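**Student:**
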Amino acid sequence: MAEKKILIVDDQVGIRMLMREALKDLTSQLEMAASGQEAIEKFLSFQPDIMLIDLKMPGMNGLEVLEALQDKREKCRIILMTAYGELDVMSQVPKIGIDEYLTKPFDINELRQIITRYL
């Protein structure tokens with residue numbers, strides 16, 4: 001079975017590096033994006049199986065990215081990351097193909113458990 005591809009999208013470099021470090025033993029197929037626009041470009045070229053994406057980013061936010069990719073991501077599992085204070089926003093957002101929510105700050109073991117479910 002082919003290794004699953006994971007795309008990590010977050011504007012904070014520390015979060016991206018932490019997640020890459022936490023997931024590197026699960027797959028070597030890891031890509032990262034720092035913005036919504038970069039996420040769209042990487043998604044189209046990399047074609048990930050799993051995308052971890054932050055809700056709140058400058059410019060294009062996570063939901064806008066998911067909307068832009070709506071018809072191209074049918075086989076990709078989506079894990080939306082959000083800060084604890086943004087949960088009220090999440091309740092107002094329709095579930096547009098989001099498989100999981102991960103609340104920041106998150107536990108690395110929780111992240112690994114979620115990813116392992118989809119590998």
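Just so we're aligned: 113 in UniProt numbering is position 113 of the sequence shown, and the numbers increase by one with no gaps anywhere.
Beta carbons are placed, not taken as given, at the ideal position from N, Cα and C, and that holds for glycine.
Because the structure is a prediction, the values reported are computed rather than measured.
Among LEU119, GLN47, LEU52 and CYS76, which residue has its Cα nearest to the Cα of ARG20?
**Tutor:** ARG20 has its Cα closest to that of LEU52, out of LEU119, GLN47, LEU52 and CYS76.
**Student:** Closer than 7 Å by C-beta to ALA68: which residues in its own chain qualify, once you throw out the five before and the five after it? Chain order, please.
**Tutor:** Taken in chain order, the residues that qualify are ILE40.
**Student:** Since VAL9 and ALA33 are thought to touch, with beta carbons under 8 Å apart, how far apart are those beta carbons, to the nearest angstrom?
**Tutor:** Rounded, the Cβ-Cβ distance is 5 Å, consistent with contact.
**Student:** Examine the ligand SAM and report whether any of its heavy atoms sits within less than 6 Å of the Cβ of THR103.
**Tutor:** Ligands are entirely absent from the displayed structure, and the ligand SAM is therefore not among its contents.
**Student:** ARG117 lies in the alpha helix (DSSP H); which residues open and close that run?
**Tutor:** It spans 108-117 - the alpha helix (DSSP H) in which ARG117 sits, taken as one unbroken run.
**Student:** Under the rule that 16 or more other beta-carbon atoms within 10 Å means buried, what is ILE108, buried or exposed?
**Tutor:** Per the 10 Å Cβ criterion, exposed.
**Student:** Answer yes or no: do ALA58 and LEU7 have a C-beta to C-beta separation smaller than 7 Å?
**Tutor:** Per the sequence shown, the amino acid found at residue 58 is Pro instead of Ala. No. Outside cutoff.
**Student:** With distances taken from CA atoms, which of ARG112, GLY36 and LEU80 is nearest MET60?
**Tutor:** The option with the nearest alpha carbon to MET60 is GLY36.
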